[in-house]
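Student: Count along the sequence shown from 1, add 529, and you get the number used in my numbering. Quick one: structure below, then a few questions.
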Amino acid sequence: YCVKSPPNSATPPLPALLGSTPSVDKVDGFSRKSVRKARQRRAQSSSQFRSQDKPIELVQLPLLKDVSAQEQPELFLKKLQQCCFLFDFMDTLSDLKMKEYKRSTLNELVDYVTLSRGYLTEQTYPEVVKMVSCNIFRTLPPSDSNEFDPEEDEPTLEASWPHLQLVYEFFIRFLESQEFQPSVAKKYIDQKFVLQLLELFDSEDPRERDCLKTVLHRIYGKFLGLRAFIRKQINNIFLCFVYETEHFNGVAELLEILGSIINGFALPLKAEHKQFLVKVLCLLHLHMSVLLAYCIVQFLEKDPTLTEPVIRGLLKFWPKTCSQKEVMFLGELEEILDVIEPTQFVKIQELLFKQIARCVSSPHFQVAERALYYWNNEYIMSLIEENSSVILPIMFASLYRISKEHWNPAISALIYNVLKAFMEMNSALFDELAASYKSDRQRERKKDKEREDLWRKLEDLELRRGSTSSSVSPTLARTRGISVAHSVQSSSSVFKTVK
530 YCVKSPPNSA
540 TPPLPALLGS
550 TPSVDKVDGF
560 SRKSVRKARQ
570 RRAQSSSQFR
580 SQDKPIELVQ
590 LPLLKDVSAQ
600 EQPELFLKKL
610 QQCCFLFDFM
620 DTLSDLKMKE
630 YKRSTLNELV
640 DYVTLSRGYL
650 TEQTYPEVVK
660 MVSCNIFRTL
670 PPSDSNEFDP
680 EEDEPTLEAS
690 WPHLQLVYEF
700 FIRFLESQEF
710 QPSVAKKYID
720 QKFVLQLLEL
730 FDSEDPRERD
740 CLKTVLHRIY
750 GKFLGLRAFI
760 RKQINNIFLC
770 FVYETEHFNG
780 VAELLEILGS
790 IINGFALPLK
800 AEHKQFLVKV
810 LCLLHLHMSV
820 LLAYCIVQFL
830 EKDPTLTEPV
840 IRGLLKFWPK
850 TCSQKEVMFL
860 GELEEILDVI
870 EPTQFVKIQE
880 LLFKQIARCV
890 SSPHFQVAER
900 ALYYWNNEYI
910 MSLIEENSSV
920 ILPIMFASLY
930 RISKEHWNPA
940 ISALIYNVLK
950 AFMEMNSALF
960 DELAASYKSD
970 RQRERKKDKE
980 REDLWRKLED
990 LELRRGSTSS
1000 SVSPTLARTR
1010 GISVAHSVQS
1020 SSSVFKTVK
């Protein structure tokens, strides 16, 4: 894409306006992914620029309400054809009158399809799809940065949004019309149309992605023949995102659509749907977790037997270095545990609580705090109580040690509450584990003391041998050196035995 500058512009260059010192963006030493570089972001961009040799002149047509009902269908088609013309919004001074005329025409079309009846003839469908395609389908401008994150960075907004917004609104009203006939529209809203629509989800402009979400949802609901194709293409986008590009701006919006699609799946679930959950949705945890929980919970509510592979997949991709993401994983895991069946819980409890024990032991207080909040959940507490004989031995050592050593007093207080709850659940097992823990600690301290004593003896022996060898003849020193080496060697073997 290109940006057209106004001809014969008298505006001086930017350095002249700012003085002799060039402008330099601040460099954030703690920027995302530790990339220390200044970024110059443009506020707006347009991918709809078409170079024109001369200004566009549109013939101003009468308003639809000012003509008779018999003339309205023909005038409606003419206005649709006029709205296929595109304007350069990066040049703010060009075609101002025609831009405003197109905007008012689009507004009129939106009102017409909302309020009128009898306008949807068979000749209307191709013209509507053509007008929408001309306006929204285009090559998206490249991102300013390969590391653009729609959740963290300021987006580049579409400059032609004053027209685009109305086109999307018109198309949504068209799809929602009571007179809309999918049997006629399927000739024009086909797989190619849907594929181009899905590509637009990579737009940086969140306003456009929100409109696309509504459009795709309406198409999925109206066109039964396109449903499998839409699911397959979303599948392909996610796999490409995970394995190839690691970048797609519309993942969150597609997940939101998927949530409602999954909610409508019939029971029993098809094999392809189960495969999508395990092979695609779980893989998205490599890069993100937001909005995944809702989709996964929808699956588990429909088929509880999927719980074990889902939790195993979640634990497989558990973050090791990003505490913020670990907190998100703990939140998602709690949502899954809220709907888990007791029979499924028994299958994964050991693996699950080994990870929770590691989280409780985390030096990052937010991770430890989020894990300890599980004991505030009544349903999870009931599951823990039923299986305390398995869970308590896994958790006890970490809880008891952290209660004495954690730097944050709030975490220590939470751990005391958890230990108290365990004591009330199974006091006999708790006392047994406490006694075993104390005896293990005493053995460890005894071994540590023996190790320190041995090192002290070795140091004393080395000092004595050194002082003796310095006061004897060289020949005797060499003889005694062999003896000292032999003594140290013997002591080392003793140390290894003790260790």
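We put the beta carbon where it would ideally sit given N, CA and C, even for glycine. Note that the coordinates shown come from a computational prediction; the quantities given were computed from them, not determined experimentally.
Thinking C-beta only, is Ile-931 closer than 9 angstroms to Ile-913?
Tutor: By 1-based counting over the sequence shown, the position of residue 913 is 384. By 1-based counting over the sequence shown, the position of residue 931 is 402. The beta carbons of Ile-913 and Ile-931 sit no closer together than 9 angstroms.
Student: Taking a contact to mean a Cβ-Cβ separation below 9 angstroms, would you say Asn-664 touches Leu-625 in this structure?
Tutor: Position 135 of the sequence shown, counted from the first residue, corresponds to residue 664. Position 96 of the sequence shown, counted from the first residue, corresponds to residue 625. Not in contact: Asn-664 and Leu-625 (Cβ atoms no closer than 9 angstroms).
Student: Just checking, does the segment 977-986 make contact with the segment 934-944 on the three C-beta pairs under 8 angstroms criterion?
Tutor: no
Student: How should Phe-858 be labelled, buried or exposed, when 16 other C-beta atoms within 10 angstroms of its C-beta is the threshold for buried?
Tutor: Residue mapping note: residue 858 aligns to position 329 of the sequence shown, counting from 1. Buried: at least 16 other Cβ atoms inside 10 Å.
Student: Which same chain residues, not among the five before or five after Ser-852, have their C-beta less than 6 angstroms away from its C-beta?
Tutor: Residue mapping note: residue 852 aligns to position 323 of the sequence shown, counting from 1. Counting only Cβ-Cβ distances below 6 angstroms, and skipping sequence neighbours, we find His-893, Val-896.
Student: His-935 lies in the alpha helix (DSSP H); which residues open and close that run?
Tutor: On the sequence shown, position 406 is the one that residue 935 refers to. His-935 -> no alpha helix (DSSP H), and no H or E assigned at all.
Student: With burial defined as no fewer than 16 other Cβ atoms inside 10 Å of the residue's Cβ, what is the status of Asp-734: buried or exposed?
Tutor: Taking the sequence shown and counting its residues from 1, one reaches residue 734 at position 205. Buried, since its Cβ has 16 or more Cβ neighbours within 10 Å.
Student: Quick check: the Cα distance between Lys-659 and Pro-602, rounded to an integer number of angstroms?
Tutor: Working through the sequence shown from its first residue, we reach residue 659 at position 130. Working through the sequence shown from its first residue, we reach residue 602 at position 73. Those two C-alpha atoms are separated by around 16 angstroms.
Student: Using the Cβ count rule (16 or more neighbours within 10 Å means buried), how would you classify Ser-927?
Tutor: Translated into positions along the sequence shown, residue 927 becomes position 398. Buried, by the Cβ-count rule.
Student: Measure how close the beta-carbons of Leu-821 and Leu-835 come, nearest whole angstrom, since I'm counting them as under 8 angstroms.
Tutor: The residue you call residue 821 lines up with position 292 of the sequence shown. The residue you call residue 835 lines up with position 306 of the sequence shown. About 14 angstroms separates the two Cβ atoms, so there is no contact after all.
Student: Our contact map puts Leu-787 next to Cys-740 with C-beta atoms below 8 angstroms; I'd like the distance itself, whole angstroms only.
Tutor: Within the sequence shown, residue 787 is the residue found at index 258, counting from 1. Within the sequence shown, residue 740 is the residue found at index 211, counting from 1. Not quite, the Cβ-Cβ distance comes to about 18 angstroms (not below 8 angstroms), so this is no contact.
Student: Measure the C-alpha to C-alpha separation of Leu-921 and Phe-959 and round it to an integer number of angstroms.
Tutor: Looking up residue 921 in the sequence shown gives position 392. Looking up residue 959 in the sequence shown gives position 430. Looking at the two C-alpha atoms, the distance is approximately 8 angstroms.
Student: Let's test the definition: count the other Cβ atoms within 10 Å of the Cβ of Lys-721 and tell me whether it reaches 16, buried, or not, exposed.
Tutor: As a working note, residue 721 is residue 192 in the sequence shown. Lys-721 should be labelled exposed.
Student: Can you look up Cys-851 in the DSSP assignment and give me helix, strand or coil?
Tutor: As a first step, residue 851 is located in the sequence shown; it is residue number 322 there, counting from the start. Coil, per DSSP.
Student: Round the Cβ separation of Leu-783 and Phe-700 to the nearest angstrom and send it over; I've been treating them as touching at under 8 angstroms.
Tutor: For the purposes of this step, residue 783 is taken as residue 254 along the sequence shown, with counting starting at 1. For the purposes of this step, residue 700 is taken as residue 171 along the sequence shown, with counting starting at 1. At roughly 19 angstroms, the Cβ-Cβ gap does not stay under 8 angstroms, so Leu-783 and Phe-700 are not in contact.
Student: Closest to Asn-916 by CA distance: which of Asn-792, Thr-650, Phe-874 is it?
Tutor: As a first step, residue 916 is located in the sequence shown; it is residue number 387 there, counting from the start. Nearest C-alpha to Asn-916: Phe-874.
Student: Measure the alpha-carbon distance for Val-642 versus Asn-778 and round it to whole angstroms.
Tutor: Within the sequence shown, residue 642 is the residue found at index 113, counting from 1. Within the sequence shown, residue 778 is the residue found at index 249, counting from 1. Straight-line Cα distance between these residues: approximately 31 angstroms.
Student: Using the rule of at least 16 other Cβ atoms within 10 Å of the residue's Cβ for burial, across every protein chain shown, is Glu-600 buried or exposed?
Tutor: One-based indexing of the sequence shown puts residue 600 at position 71. Burial call: exposed.
Student: Given Ile-885, which residues of its chain have a CB within under 6 angstroms of its CB, disregarding the five upstream and five downstream residues?
Tutor: Translated into the one-based positions of the sequence shown, residue 885 becomes position 356. Taken in chain order, the residues that qualify are Ala-900.
Student: CA-CA distance, Ile-923 and His-816?
Tutor: As a first step, residue 923 is located in the sequence shown; it is residue number 394 there, counting from the start. As a first step, residue 816 is located in the sequence shown; it is residue number 287 there, counting from the start. Near 30 angstroms, if we compare the C-alpha coordinates of His-816 and Ile-923.
Student: Quick check: Glu-637 and Leu-592, are their CB atoms within less than 9 angstroms of each other?
Tutor: Start at 1 with the first residue of the sequence shown, and residue 637 comes out as number 108. Start at 1 with the first residue of the sequence shown, and residue 592 comes out as number 63. Closer than 9 angstroms, so yes.
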